[in-house]
Every structure is written in structure tokens, then in C-alpha cells.
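Engineer: Chains C and B, in that order, give the protein sequences.
Using numbering that gives the first Met the number 0, you'd call the opening residue of the first sequence number 0 and step up by one each time.
Using numbering that gives the first Met the number 0, you'd call the opening residue of the second sequence number 0 and step up by one each time.
Virtual Cβ for every residue (Gly too), placed ideally from N, Cα, C.
Input: one structure, supplied below.
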Amino acid sequence: MENANNENISRIKKISSRLRLACSAIFYIMPLTVICYWAFYNEISEGFKSGLVRQYSQTQFLPAMTLFLCIAVEMIPAALIMLSTKYLSGLFALYEKSVFFSEQNVTYIRKLGNIVILWSFMDIVKQTLLVLAISLNNPPGQRMLVIGIGTFQLSLLLIGYIIVLFSRVMDEARVMNDEQQYIV
Amino acid sequence: MTIRINLDVMLAKRKMKSNELAKLIGITEQNLSILKTGKAKAIRISTLELICRHLECQPGDILEFSSDEQ
């Protein structure tokens with residue numbers, strides 16, 4: 000029984016270590032990807048080009064100003080993803096130290112949930128601003144302002160609330176764990 | 000209202016050290032210290048039984064109720 004428990008903990012530590020490294024990598028790769036994608040947008044092959052540009056821009060060649068605006072807009076969700084990977088890294092670092100039910104764990108999970116909820120709203124804003132930026136070069140009268148809610152945003156909202164709920168359950172587990180420490 | 004833990008007294012009577020008792024009953028010295036200092040929120044019946052067995056005493060010798068009015 001104890002051996003199985005130790006084995007499980009060592010497995011948690013190993014997986015957490017890998018996930019922490021992956022999160023750290025995503026933290027740096029994310030903004031670079033966004034910048035590179037839009038900076039070289041005019042040079043990349045057709046298959047990788049944004050559907051929004053095809054749909055809302057009259058020209059497929061985007062000027063530097065538009066690309067800069069696209070980078071700025073795309074950095075909104077990218078920043079949220081970076082922040083969430085930062086919290087996940089912190090959480091996995093705690094798991095690596097066999098800290099499962101501390102106040103810090105609860106804080107990280109709650110913040111992660113809040114970020115996902117915020118992401119669902121910011122994705123709507125991002126979509127609107129991106130279409131505006133892309134269609135900015137269209138002749139007057141053909142510039143677009145689109146607001147839409149899709150399953151992606153609703154899913155994010157739902158996942159966010161589930162994570163926040165999970166953090167509250169974890170908080171209860173933390174209280175029980177604290178009490179357990181004083182049972183001899 | 001408090002439950003006082005007289006473990007120190009019993010240990011002194013039996014001339015036994017805390018670490019010896021901890022080893023005998025199979026708990027850490029840290030946990031025994033939590034019990035001795037009255038920080039414990041609960042004590043397992045099995046722990047109490049082992050303490051009583053090794054200190055040759057009754058639960059009442061270790062746990063004492065005292066009300067604030069007294």
C-alpha cells in the first residue's frame with residue numbers, strides 16, 4: 000500500500016517536472032509565434048494564412064501597419080496564455096515538491112480559473128479588434144466591426160467556472176489537510 | 000473549557016524520554032510534541048491505547064478536563 004503510494008507520488012513528480020518545463024517553454028514560444036506569424040504573414044504559404052484575412056480583407060497583402068495592429072491584438076490572448084502557463088508552472092513546481100494541498104496550490108488554481116474566464120471574454124474582444132484591424136485597409140464603407148460568440152468562448156467560460164469550483168474544493172481539502180496535521 | 004494533556008507528567012513519572020515513547024508507539028517526535036504542547040486537535044484511540052500501554056497508565060492520567068471557571 001505504502002509502496003503504491005510512493006510510486007504514485009514519484010510518478011506525479013516526474014510528470015509535473017515535464018509539464019513545468021513544457022509550460023515554461025510555451026511561456027516563451029507563445030509571443031514569439033504570434034510575432035513571427037504576423038511579421039512574416041505576407042511571406043507564408045496560403046495554407047497557413049488566416050481565414051479572417053480571406054473573409055474580411057479585400058487585399059491578401061497586408062501593410063506593415065495592419066500587421067503591427069494584428070500582433071498587438073493577438074497579444075491579448077497570448078498574454079493570458081502566458082499568464083496561465085506561469086501559474087501552471089508554479090503549480091507543477093509545488094507538485095514536484097510534494098506540496099498538494101497548500102494555500103499556494105489553491106491560489107494558483109483559482110487564478111488559473113479566473114484567467115480562463117477572462118480569456119473567454121477577451122477572445123470576443125480580440126475577434127472584434129482583429130477583424131477591424133484586418134479590414135482597416137478596405138475602402139470606406141467596407142470596413143468591418145464584427146462581434147460574435149461561439150462555442151469556443153462558451154466552452155472557455157464553462158471550463159473557467161469549473162476550474163474556479165475546483166479551486167474551492169481544493170481549499171476545503173487544504174483545510175482538512177491542515178486539520179489532519181494536528182491529529183496524532 | 001480545555002482538555003489538558005499531562006503527557007509530560009506521566010513521562011517524568013515513568014522516567015521516559017519523549018523520543019523513546021515516540022519510537023515505541025510509532026509516531027514522529029514532532030507529532031508527540033504537538034500532543035505534548037496541546038496543539039493537537041484530535042488524538043486517535045489507537046495512539047492513546049499505545050501511550051497507555053507503554054506508560055502503564057489510564058487515559059485519564061494523560062487527559063484532564065478543566066473548565067475556565069475553576
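What is the C-beta distance between Val124/C and Ile75/C, in whole angstroms, given that I count them as a contact (C-beta under 8 Å)?
Structural biologist: Indeed, because the Cβ distance is near 7 Å, the residues count as touching under 8 Å.
Engineer: Closest to Ala38/C by C-alpha separation, out of Ser56/C, Thr65/C and Tyr55/C, would be which residue?
Structural biologist: Comparing Cα positions, the closest option is Thr65/C.
Engineer: Relative to chain C, which residues along the segment 26–48 of chain B have a C-beta separation below 8 Å, given in chain order?
Structural biologist: Against chain C - using a Cβ distance shorter than 8 Å - the residues of the segment 26–48 of chain B are Ile26, Asn30, Leu31, Ile33, Leu34, Lys38, Ala39, Lys40, Ala41, Ile42, Arg43 and Thr46.
Engineer: Counting only C-beta atoms, is Glu178/C closer than 8 Å to chain B at any point?
Structural biologist: Output row for Glu178/C: interface = yes.
Engineer: Which one or two residues does DSSP pair with Ala92/C in a beta bridge?
Structural biologist: Ala92/C is not bridged to any residue.
Engineer: Looking at the unbroken beta strand (DSSP E) that takes in Phe47/C, where does it start and where does it end?
Structural biologist: Phe47/C -> no beta strand (DSSP E), and no H or E assigned at all.
Engineer: Would you mind telling me which residues of chain B sit closer than 8 Å to Val183/C, beta carbon to beta carbon, in chain order?
Structural biologist: Neighbours of Val183/C on chain B, chain order: Ile26, Asn30, Leu31, Ile33, Leu34, Ala39, Ala41, Ile42, Arg43 and Thr46.
Engineer: Starting from Arg167/C, trace the alpha helix (DSSP H) both ways and give me its first and last residue.
Structural biologist: Counting along the chain, the alpha helix (DSSP H) containing Arg167/C begins and ends at Thr150 to Gln179.
Engineer: Leaving out five residues on either side along the sequence, give the residues of the same chain with a beta carbon under 8 Å from the beta carbon of Ala92/C.
Structural biologist: Answer for Ala92/C: Ser15 and Arg19, listed in chain order.
Engineer: Where does Arg17/C fall in DSSP's three states?
Structural biologist: Arg17/C: helix per DSSP, three-state reduction.
Engineer: For Asn104/C, is the classification buried or exposed, using 16 other Cβ atoms within 10 angstroms of its Cβ as the cut-off for buried?
Structural biologist: Buried.
Engineer: Indicate whether the contact test is met: 3 or more Cβ pairs, each with one atom in the segment 111–122 of chain C and one in the segment 155–174 of chain C, closer than 8 Å.
Structural biologist: Cβ pair count under 8 Å is three or more, so yes.
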